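S.K.: Structure provided below as structure tokens; questions to follow.
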Ligand code: ADP
Ligand code: ZN
Ligand code: ZN
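In this note's numbering, the protein residues as written are 689 to 1429.
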């Protein structure tokens, strides 16, 4: 006789959040096996893993294992009654794990809201069904209990929720009695919700479309997969196109997933969706509590929300009836996750749309070179909105050559004069400076001591607000000294400027004018950004000073002058994408100007005013600018013309970090000796070589063919997992890296 508690050979193959890129086999619960209850792929299980209990996800149910059955443990609990990952979402995540060479368990964990990742149960409700015994009950057996007979009849036709049965007038006593007789049985099922209603979807009339908008909207094929790149300057009416496309999708009872860079910074975008549509909108972003996030996730999964708006990780939100995906500001770097599971939400979304056979629209004023390339290759269809609807016109640009000009803490005379004029005429001014804090360097004038971070190769930024020195790389903070810690001199100097200092300068230059600062320090509080936006929308003359946060899709119709204080910062960076980013940022900021009746004006201060790329930007020629950068990338054989992956290594000792990457390079060269189309750059120290006490090195692998790069990375990651020195060194693979510093 077989004494095994697991008569049927049922093996759960489970993905576990661990750095190991493999799956693990477990047996079912003893009680489940006895009842032949089989959990499904996509359900969460709790399992013992080493000495820990962890939450894993069933990937497959097999009848065999590579290990002997008596070596396998049983799962401790099955946590779900229905899969938390649908078959299609699970397949997408498996694709993502293999594309980004990330452990599947970590990928799945990253795709779940925290509450589910920690094992919390989904809200369920009680349902009833007949047992085997109940199904075989002879006709007329319950003649003397007509209510019970009626209940059996009801359940013959199908399962019913407890709530429904009570509403139908079946008392709990009847249920209990039949359950005791083993005729019916209750079980838990996920709480189901009504799908959103498709009548009266609109709260307000849509705008009459411009001809470009109409062409864009009419080109959309909502019934199958297509990628559209919707290019149009800020204010050209892209959002209106999204809204009307979404209206069509909703009217078919299907859902729209909208990804945007940072929700808390763009309360207006959300407002526009809310005032247009009369259906539930689930908002998913990092500011939510775990409970709120789970609710939003459920509303998307059960179909009660028609629109799901979220930041990067919302790309993994389950949708009951997906209809369209929209990525606003597709060029934005925040769509790429920079640590852990390093995915691009934009690229994953394109793959998701393809698998779900739905359209995806990537909107931007400044397309990424990748998306331009993809549209040139015919993978994306390029739609363009030219000009702006209504009276607003293109801003005029001016490059201010600040060589030899006298600067008042960063502001040149022509800029100050233009600001003066705009304010006198009752307009608003936006000043852009992508550096927060007061001054990036604190230096002793007598002995040249500089305040450096103990943990990084970086200077500490002085923050005047609380007289602190802060490291913007590792978060280290200390009180700012009042005299030089080295020579005791009190001749300390603040070099360079951040937004805090520019704010103080502007307050001194324009007494009586309100100066509003927008950066990560001033927008920490939840409603800080919407308070600023409200103040700006009063239209009173004021000066806005801020970082790239100001470049993210705001509508400031009162702003007629945009000042870019330092256009040079992106020109000489070790990151090959820095110039592209500068162009996108400056063009975006410029787009904030002149959205009302008055045309805008943009002034860019630079020491390199004849730089050809800046000149193109100053002619409002982002497309030509992008064209030039594309040509450079093609010439240097870099993305999007080649496929790039970075292997990063971090260690307490620079030697160890470098050595591991030397070995990685040797391994790769040997592994694909026959394929000359791979190139290597490095290992070399990262631009910020030491961060948070660790030395950082990089190796770039560049390949013409994506497939051969991926084959190599698969072999490499397996090799690295077992490599002895990989214990001393933290390593990671970054496919299609965005940040090269
Ligand atoms: P984008 O998303 O490209 O920045 P928006 O869709 O936000 O552009 O449009 C900018 C402004 O123009 C908004 O105030 C919007 O209401 C208005 N607008 C957009 N399309 C039209 C239109 N067809 N007719 C009139 N106004 C429009
Ligand atoms: Zn000194
Ligand atoms: Zn630091």
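Ideal Cβ placement from N, Cα and C applies to all residues, glycine included.
On a predicted model such as this, the values are computed, not experimentally measured, just so you know.
State yes or no: is the C-beta of residue 651 within less than 7 Å of the C-beta of residue 843?
M.R.: With the chain running from 689 to 1429 in the structure shown, residue 651 is simply not present.
S.K.: Which value, in whole angstroms, describes the spacing of the CA atoms of residue 1103 and residue 1270?
M.R.: Working through the chain shown from its first residue, we reach residue 1103 at position 415. Working through the chain shown from its first residue, we reach residue 1270 at position 582. Approximately 20 Å between the Cα atoms of the pair.
S.K.: Should residue 898 be listed as close to ligand 1, given that the test is whether its C-beta is under 6 Å from any heavy atom?
M.R.: The residue given as residue 898 occupies position 210 in the chain shown. Yes, since a heavy atom of ligand 1 falls inside the 6 Å radius drawn around the Cβ of residue 898.
S.K.: Assign residue 1313 to one of three DSSP states: helix, strand, or coil.
M.R.: Here residue 1313 is taken as the residue at index 625 of the chain shown, counted from 1. Looking at residue 1313 - three-state DSSP - the assignment turns out to be helix.
S.K.: In the structure shown, what three-state DSSP assignment does residue 690 receive?
M.R.: Numbered from 1 along the chain shown, position 2 holds the residue referred to as residue 690. Low confidence applies here, because residue 690 scores a pLDDT of 39, under 50, leaving its location unreliable; read the following figure in that light. Correct three-state label for residue 690: coil.
S.K.: Sorry if obvious, but does the Cβ on residue 1174 come closer than 6 Å to a heavy atom of ligand 2?
M.R.: Along the chain shown, read from residue 1 onward, the residue named residue 1174 stands at position 486. Yes; taking the cut-off as 6 Å, the Cβ of residue 1174 has a heavy atom of ligand 2 nearer than that.
S.K.: Can you tell me whether residue 1161 sits near ligand 3, meaning its C-beta is under 6 Å from at least one heavy atom of the ligand?
M.R.: Locating residue 1161 in the chain shown gives position 473, where the first residue counts as 1. Indeed, a heavy atom of ligand 3 lies less than 6 Å from the Cβ.
S.K.: By a C-beta neighbour count over all protein chains shown, 10 Å radius and 16 as the cutoff for buried, is residue 809 buried or exposed?
M.R.: Taking the first residue of the chain shown as position 1, residue 809 is located at position 121. Exposed: under 16 other Cβ atoms inside 10 Å.
S.K.: Taking 7 Å as the cut-off, decide whether the C-beta atoms of residue 1036 and residue 1048 are in contact.
M.R.: Looking up residue 1036 in the chain shown gives position 348. Looking up residue 1048 in the chain shown gives position 360. Not in contact: residue 1036 and residue 1048 (Cβ atoms no closer than 7 Å).
S.K.: By the three-class DSSP mapping on this structure, what secondary structure does residue 1275 have?
M.R.: By one-based count along the chain shown, residue 1275 stands at place 587. In the structure shown, residue 1275 sits in a helix (DSSP, three-state: H, G or I).
S.K.: Shorter than 6 Å, the distance from the beta carbon of residue 1344 to the closest heavy atom of ligand 2, or not?
M.R.: Numbered from 1 along the chain shown, position 656 holds the residue referred to as residue 1344. Residue 1344: no, Cβ never under 6 Å from ligand 2.
S.K.: In terms of alpha-carbon separation, which member of 995, 909, 983 and 865 lies closest to residue 879?
M.R.: Stepping through the chain shown from its first residue, residue 879 is reached at position 191. Nearest of 995, 909, 983 and 865 to residue 879, Cα basis: 983.
S.K.: Within its chain, find whatever has a CB closer than 8 Å to the CB of residue 642; leave out the 5 residues flanking it on each side and keep chain order.
M.R.: No answer is possible for residue 642: it lies beyond the span of the chain, which begins at 689 and ends at 1429.
S.K.: List the whole-angstrom C-beta distance separating residue 1186 from residue 1124, where the pair is believed to meet the contact cut-off of C-beta under 8 Å.
M.R.: Translated into positions along the chain shown, residue 1186 becomes position 498. Translated into positions along the chain shown, residue 1124 becomes position 436. Contact flag correct, Cβ pair sits at about 5 Å.
S.K.: Should residue 1041 go down as buried or exposed, given a rule of 16 or more other Cβ atoms within 10 Å for buried?
M.R.: Residue numbering aside, residue 1041 sits at position 353 when the chain shown is read from its first letter. Looking at its Cβ environment, which holds 16 or more other Cβ atoms inside 10 Å, residue 1041 is buried.
S.K.: For residue 807 and residue 743, I'd like the C-alpha separation in whole angstroms.
M.R.: The residue you call residue 807 lines up with position 119 of the chain shown. The residue you call residue 743 lines up with position 55 of the chain shown. Roughly 6 Å between the two C-alpha positions.
S.K.: What would DSSP say about residue 848, mapped onto helix, strand or coil?
M.R.: Start at 1 with the first residue of the chain shown, and residue 848 comes out as number 160. Residue 848 falls in the strand class under three-state DSSP.
S.K.: Using 8 Å for Cβ pairs, my map puts residue 874 next to residue 815. What's the rounded Cβ distance?
M.R.: Your numbering for residue 874 matches position 186 in the chain shown. Your numbering for residue 815 matches position 127 in the chain shown. Their Cβ separation, rounded to whole angstroms, is 7 Å, which keeps residue 874 and residue 815 in contact under 8 Å.
S.K.: Please name the residue in 990, 948, 966 and 992 whose C-alpha comes closest to that of residue 972.
M.R.: As a first step, residue 972 must be located in the chain shown, where it is residue number 284. Comparing Cα-Cα distances from residue 972 to each of 990, 948, 966 and 992, the minimum goes to 948.
S.K.: Which one of 1118, 1298, 1170 and 748 has the shortest CA to CA distance from residue 1229?
M.R.: Start at 1 with the first residue of the chain shown, and residue 1229 comes out as number 541. Of 1118, 1298, 1170 and 748, the residue nearest in Cα terms is 1118.
S.K.: What's the C-alpha gap between residue 778 and residue 786?
M.R.: Translated into the one-based positions of the chain shown, residue 778 becomes position 90. Translated into the one-based positions of the chain shown, residue 786 becomes position 98. Those two C-alpha atoms are separated by around 12 Å.
S.K.: Within its chain, find whatever has a CB closer than 8 Å to the CB of residue 1393; leave out the 5 residues flanking it on each side and keep chain order.
M.R.: If you number the chain shown from 1, residue 1393 lands on position 705. Same-chain partners within the cutoff: 1331 and 1365.
S.K.: For the alpha helix (DSSP H) containing residue 1223, list its first residue and its last residue.
M.R.: In the chain shown, the residue the question calls residue 1223 occupies position 535. Its alpha helix (DSSP H) spans residues 1216 to 1225.
S.K.: Would you call the CB atoms of residue 930 and residue 1014 closer than 7 Å?
M.R.: Along the chain shown, read from residue 1 onward, the residue named residue 930 stands at position 242. Along the chain shown, read from residue 1 onward, the residue named residue 1014 stands at position 326. Contact: yes.
S.K.: Out of curiosity, what's the CA-to-CA distance linking residue 892 and residue 965?
M.R.: For the purposes of this step, residue 892 is taken as residue 204 along the chain shown, with counting starting at 1. For the purposes of this step, residue 965 is taken as residue 277 along the chain shown, with counting starting at 1. Straight-line Cα distance between these residues: approximately 8 Å.
S.K.: Closer than 8 Å by C-beta to residue 754: which residues in its own chain qualify, once you throw out the five before and the five after it? Chain order, please.
M.R.: The residue given as residue 754 occupies position 66 in the chain shown. Only 713 meet the Cβ criterion.
S.K.: Is residue 695 helix, strand or coil by DSSP?
M.R.: One-based indexing of the chain shown puts residue 695 at position 7. Interpretation of residue 695 is limited by its pLDDT of 45, a score under 50 that renders its predicted location unreliable; no figure is taken from the coordinates.
S.K.: If you measure between the beta carbons of residue 1012 and residue 937, is that distance less than 7 Å?
M.R.: Stepping through the chain shown from its first residue, residue 1012 is reached at position 324. Stepping through the chain shown from its first residue, residue 937 is reached at position 249. Their beta carbons are under 7 Å apart, which means residue 1012 touches residue 937 by this criterion.
S.K.: Excluding five sequence neighbours on each side, which residues of the same chain lie with their C-beta closer than 7 Å to the C-beta of residue 1191?
M.R.: Within the chain shown, the letter at position 503 stands for residue 1191. 1203, 1205 and 1233, listed in sequence order.
S.K.: Using 6 Å as the cut-off, classify the Cβ of residue 1151 as near or not near the heavy atoms of ligand 3, replying yes or no.
M.R.: On the chain shown, position 463 is the one that residue 1151 refers to. Outside the cutoff, so no.
S.K.: Looking at the structure shown, is residue 1174 part of a helix, part of a strand, or coil, going by DSSP?
M.R.: What you label residue 1174 is simply residue 486 of the chain shown in a count that begins at 1. Three-state DSSP puts residue 1174 in coil, outside helix and strand.
S.K.: For residue 1000 and residue 1033, I'd like the C-alpha separation in whole angstroms.
M.R.: For this step, residue 1000 is matched to residue 312 along the chain shown. For this step, residue 1033 is matched to residue 345 along the chain shown. In a straight line, the C-alpha of residue 1000 is about 5 Å away from that of residue 1033.
S.K.: For residue 1429, collect the residues of the same chain with a Cβ closer than 7 Å to its Cβ; drop the 5 residues on either side in sequence, then sort them by chain order.
M.R.: Within the chain shown, numbered from 1, the residue matching residue 1429 stands at position 741. The answer, listed in chain order, is 1262, 1263, 1374, 1375 and 1376.
S.K.: Let me know if residue 1422 comes out buried or exposed under the rule of 16 or more other beta-carbons within 10 Å of its beta-carbon.
M.R.: Here residue 1422 corresponds to residue number 734 of the chain shown, with the count starting at 1. Answer is buried; the Cβ neighbour count reaches 16.
S.K.: Sort 703, 735 and 749 by Cα distance to residue 697 and report the nearest one.
M.R.: Walking along the chain shown from the start, residue 697 turns up at place 9. Residue 697 has its Cα closest to that of 749, out of 703, 735 and 749.
S.K.: Could you tell me which residues DSSP pairs with residue 876 in its beta bridges?
M.R.: Counting from 1 along the chain shown, the entry for residue 876 is found at position 188. Paired residue(s): 814.
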